[in-house]
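Here is the structure we will look at.
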Amino acid sequence: MDMENKVRQIRELVEAKREKFARVSDEVWAVPELYFHETKSAAILIKALKEEGFEVQEGVDGIPTAFIGTWGSGKPVIGILGEFDALPSLSQEAGCWEHKEIVKGGPGHGCGHNALGAGAMAAAVAAKDYMEKNGLSGTIRYYGCPAEEAGWGKMFLARDGYFDDLDACYTWHPGVGNMVQGTSSLANMCAFFTFKGRTSHAAASPHLGRSALDACELMNVGVNYLREHVIPEARIHYAYQDVGGAAPNVVQDHAQLKYFIRAPKITQVKEIGERVKDIARGAALMTGTEVDIYFSAGMCDYVPNDVLSEILSEALVAVGGPKFDDADRELAKKFFDLYTPSEIEAALKRLSYNYENWEDYRTIPLVEEVGPYKKTSAYGFGSTDVGDASYAAPTAQMNVATYANGTPGHSWNVTAQVNSSITHKALVTVAEALSLACILTIERPEAVKA
623 MDMENKVRQI RELVEAKREK FARVSDEVWA VPELYFHETK SAAILIKALK EEGFEVQEGV
683 DGIPTAFIGT WGSGKPVIGI LGEFDALPSL SQEAGCWEHK EIVKGGPGHG CGHNALGAGA
743 MAAAVAAKDY MEKNGLSGTI RYYGCPAEEA GWGKMFLARD GYFDDLDACY TWHPGVGNMV
803 QGTSSLANMC AFFTFKGRTS HAAASPHLGR SALDACELMN VGVNYLREHV IPEARIHYAY
863 QDVGGAAPNV VQDHAQLKYF IRAPKITQVK EIGERVKDIA RGAALMTGTE VDIYFSAGMC
923 DYVPNDVLSE ILSEALVAVG GPKFDDADRE LAKKFFDLYT PSEIEAALKR LSYNYENWED
983 YRTIPLVEEV GPYKKTSAYG FGSTDVGDAS YAAPTAQMNV ATYANGTPGH SWNVTAQVNS
1043 SITHKALVTV AEALSLACIL TIERPEAVKA
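What follows is the structure, given as structure tokens:
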């Protein structure tokens, strides 16, 4: 069957269920849940998969909100990765370009994972429907991956072999453009540094106290000096988890810091991590305190598979970008007009990897065209646990325009737009492109062998 007929069939199959796919996305959006607590979100996706004939294994790897939906049998085995966790403090009304929280200080889908999970599910269903209709054999496996934002569920799934038998793995992420990612991402490690000291009266007997809070301060100063002496691509950032207490007249006997350490390769992250640990020990020595160091999680850099990326790009080009209308463009402009030149510039940089005419988008609120795949050694400064999957199985990932050009990631602006007609149309493109990539992979066994 030629490409035109494949696209036509897939388009018809997706169109028949597009309202369901949009509803699933919106339902997950309405119950934003943080990492490893996505019980309602997971239940929504599990229910949808079961309704479509997938066998679902729940509580995978001992993680209550991790699940795998499987349809079909035999080779090739193709995985599609879905996510569904939200972010703290990003509650926002749907479609509203003024900052209006639904729940003050509450969580929201500021990275669009409601759409990510629903779009990946839609693609798995469309691939299954096409295979049934055309008598194709193979296995489609949907991975419900919790805690991408913190905790990094795919790290555990990769560690324990859940991706090892995949012949191909596909996923996507909401974005400002329509393109297959040729860029890598930064590896990342998360560490907690818990200092323990001794309380005392801060005025009457400070010499008897040992300040855990001072130890945290000294550690941060030490890491600040370290930044000059690591590779320039590295990123080290921290947040206080515990400051000991609210009383300034008490020498604080407990305090805790949480650190993220990022670099282009996981080996570099480990090396920098050892130096950060030495600084923490030095801070404890200087203050007469004790430090407990706990590296809770880590994620590898993303390694795009060139063969699968070419297939995915071919599929995305074949189906084209989202079919936006004037109402979508008008809504996107409302948000686009909010953004600073620096925010627009950051979005243009992301587009520049795939779009030769990326400068033309400086004044365009909504990206509708597809930027073909380009292999590159460049990397983005974010991190994703898709990297762990890519170390375990050949993996390709794409972006589809889900919100206005210039929209900053992890913002209430994202939350507002990922429950809108813009995202609903993006979901159609996601389902079509990812499912077509699955079909092309099945029909090209030489690609799997490569």
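Residue numbers for the sequence shown, in this note's numbering: 623 to 1072. Every residue, glycine too, gets a C-beta built ideally from N, C-alpha and C. This structure is a prediction, so every number in the text was calculated from the model and none was measured.
Residue range of the unbroken alpha helix (DSSP H) whose run includes residue i
i, result
"Cys-838", "834-848"
"Arg-972", "963-974"
"Phe-658", "Element bounds for Phe-658: n/a, residue is neither H nor E."
"Val-1070", "1067-1071"
"Ile-1041", "The residue you asked about is not Ile; residue 1041 is Asn in the sequence shown. Looking at the DSSP string, Asn-1041 is not in any alpha helix (DSSP H), and its letter there is neither H nor E."
Inter-residue Cα distance where the pair is residue i and residue j
i, j, result
"Phe-1003", "Ser-807", "6 Å"
"Ala-742", "Lys-672", "15 Å"
"His-1032", "Phe-706", "14 Å"
"Pro-729", "Ser-711", "5 Å"
"Thr-687", "Gly-831", "44 Å"
"Lys-1047", "Phe-946", "7 Å"
"Phe-658", "Glu-754", "34 Å"
"Ala-1026", "Thr-1045", "10 Å"
"Glu-1080", "Val-1070", "The structure shown does not extend to residue 1080, since the chain is modelled only from 623 through 1072, so no value can be given for it."
"Pro-1016", "Tyr-784", "13 Å"
"Gly-910", "Val-1008", "41 Å"
"Ala-708", "Val-843", "32 Å"
"Ile-685", "Gly-691", "15 Å"
"Ala-1053", "Asp-624", "19 Å"
"Leu-656", "Ala-861", "18 Å"
"Arg-820", "Glu-839", "16 Å"
"Gly-775", "Met-811", "13 Å"
"Glu-850", "Ile-933", "41 Å"
Pair within 7 Å by beta-carbon distance, residue i and residue j
i, j, result
"Leu-988", "Ala-954", "yes"
"Glu-991", "Gly-1028", "no"
"Lys-956", "His-876", "no"
"Asp-923", "Lys-887", "yes"
"Lys-750", "Trp-693", "yes"
"Cys-791", "Gly-701", "yes"
"Leu-788", "Val-699", "yes"
"Thr-805", "Tyr-975", "yes"
"Ala-664", "Gly-732", "no"
"Gly-799", "Gly-993", "yes"
"Ala-1023", "Cys-718", "no"
"Ser-833", "Gln-803", "no"
"Ile-1064", "Tyr-752", "no"
"Val-891", "Ala-809", "yes"
"Ala-780", "Ala-1011", "yes"
"Ala-644", "Asn-1041", "no"
"Ser-1057", "Tyr-995", "no"
Which of helix, strand or coil DSSP assigns to residue i
i, result
"Trp-1034", "helix"
"Ile-666", "helix"
"His-859", "strand"
"Val-898", "helix"
"Ala-904", "First, the amino acid is wrong: residue 904 is Gly here, not Ala. The answer is helix: DSSP assigns Gly-904 an H, G or I state."
"Cys-1079", "Within the shown structure, residues of the chain are numbered from 623 to 1072, placing residue 1079 beyond reach of any answer."
"Phe-815", "strand"
"Met-801", "strand"
"Asn-1021", "strand"
"Leu-830", "helix"
"Ala-993", "The sequence shown places Gly at residue 993, not Ala. DSSP places Gly-993 in strand when its eight states are reduced to three."
"Leu-709", "strand"
"Ala-921", "The question names Ala, yet the displayed sequence has Met at residue 921. Strand, per DSSP."
"Ser-1012", "helix"
Endpoints, beta strand (DSSP E) assigned at residue i
i, result
"Ile-690", "689-695"
"Leu-703", "699-705"
"Pro-796", "790-797"
"Glu-680", "677-680"
"Ile-853", "Element bounds for Ile-853: n/a, residue is neither H nor E."
"Leu-879", "876-885"
"Arg-764", "Note on identity: in this sequence residue 764 is Tyr, with Arg being the wrong assignment. Residues 760-767."
"Ser-931", "Per DSSP, Ser-931 belongs to no beta strand (DSSP E); it is in the alpha helix (DSSP H), 928-941."
CA nearest to the CA of residue i, picked from the options
i, options, result
"Gly-681", "Thr-661, Ala-670, Ile-700", "Thr-661"
"Glu-912", "Asp-923, Leu-835, Val-872", "Leu-835"
"Lys-899", "Ala-1069, Gly-691, Leu-848, Ser-974", "Leu-848"
"Ala-568", "Ser-974, Arg-972, Met-801", "Past the boundaries of the shown model lies residue 568; the chain is included only from 623 to 1072, so the question cannot be answered."
"Thr-1006", "Gly-920, Glu-967, Cys-1060", "Gly-920"
"Val-1050", "Met-625, Ala-744, Glu-677", "Ala-744"
"Phe-917", "Ala-902, Met-908, Val-925, Ala-906", "Ala-902"
"Lys-722", "Asn-1035, Gly-783, Ala-769, Phe-814", "Asn-1035"
"Phe-778", "Asp-683, Glu-1065, Val-845", "Asp-683"
"Glu-674", "Ser-833, Asn-810, Ala-748", "Ala-748"
"Leu-879", "Trp-794, Gly-844, Phe-814", "Phe-814"
"Val-636", "Asn-1041, Val-941, Ala-826, Glu-855", "Val-941"
"Met-841", "Ala-772, Tyr-995, Met-908, Phe-958", "Met-908"
"Val-646", "Asn-871, Val-653, Thr-985, Leu-667", "Leu-667"
"Ala-825", "Tyr-1001, Pro-870, Cys-838, Glu-855", "Pro-870"
"Gly-734", "Glu-720, Glu-770, Ala-1000, Asn-846", "Glu-770"
"Gly-797", "Ser-935, Tyr-983, Trp-651, Leu-973", "Leu-973"
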